[in-house]
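Undergrad:
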Amino acid sequence: MTRQFRMPNGDFRKERVYAAFRGTMRYVSLSVHERKEQGPVDDLWSIYYTLIELAEGGLPWRTITDHDEIFQLKRRLTFYDLCRCVCHQ
Numbered sequence: 163m164t165r166q167f168r169m170p171n172g173d174f175r176k177e178r179v180y181a182a183f184r185g186t187m188r189y190v191s192l193s194v195h196e197r198k199e200q201g202p203v204d205d206l207w208s209i210y211y212t213l214i215e216l217a218e219g220g221l222p223w224r225t226i227t228d229h230d231e232i233f234q235l236k237r238r239l240t241f242y243d244l245c246r247c248v249c250h251q
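For what it's worth, our numbering labels the leading residue of the sequence shown as 163, then goes sequentially.
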C-alpha cells in the first residue's frame, strides 16, 4: 500500500516525517508500526508474514490486539522463532 515514490519527472518523492497507518496490523512491517513512509520493502514484509502464517498455521501475535505488543513481539522474534516447523524440515 505504498504511495507513488517517483514524481512524474522521475525524481523520488521526499519521505514524509509521519505517515498515517495503512494496512492490517498482523502483516505490516516494523517501519509501518513506527509510522514511517511505506515503500516496496514494506510490501515484501507483508508477503513474508503471510507466507509464514500459511506455512506455520498462524503468527505468534494472532491473538494480541494491542498494537504496541504486536510491534514489540515482531521486534523480538527471529526468523527461526517464526519458522519453527518450516526450519525443521
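Each residue gets a CB set at the ideal place from its N, CA and C atoms; glycine is no exception.
None of the values given here were measured: they were computed from a predicted structure.
If we ignore side chains and look at the alpha-carbon of each, how far apart do G220 and R188 end up?
TA: So the two alpha carbons sit approximately 10 Å from each other.
Undergrad: Just to check my reading of the structure: D204 and S191 have Cβ atoms closer than 8 Å, yes? What is that Cβ distance to the nearest angstrom?
TA: Confirmed, about 4 Å.
Undergrad: At what residues does the alpha helix (DSSP H) containing D205 begin and finish?
TA: Start and end: 202 to 218.
Undergrad: Using the Cα positions of I226 and Q200, report the straight-line distance between them to the nearest angstrom.
TA: Using only the alpha carbons, I get a separation of about 23 Å.
Undergrad: Are R175 and R168 close, meaning C-beta to C-beta below 8 Å?
TA: Their beta carbons are under 8 Å apart, which means R175 touches R168 by this criterion.
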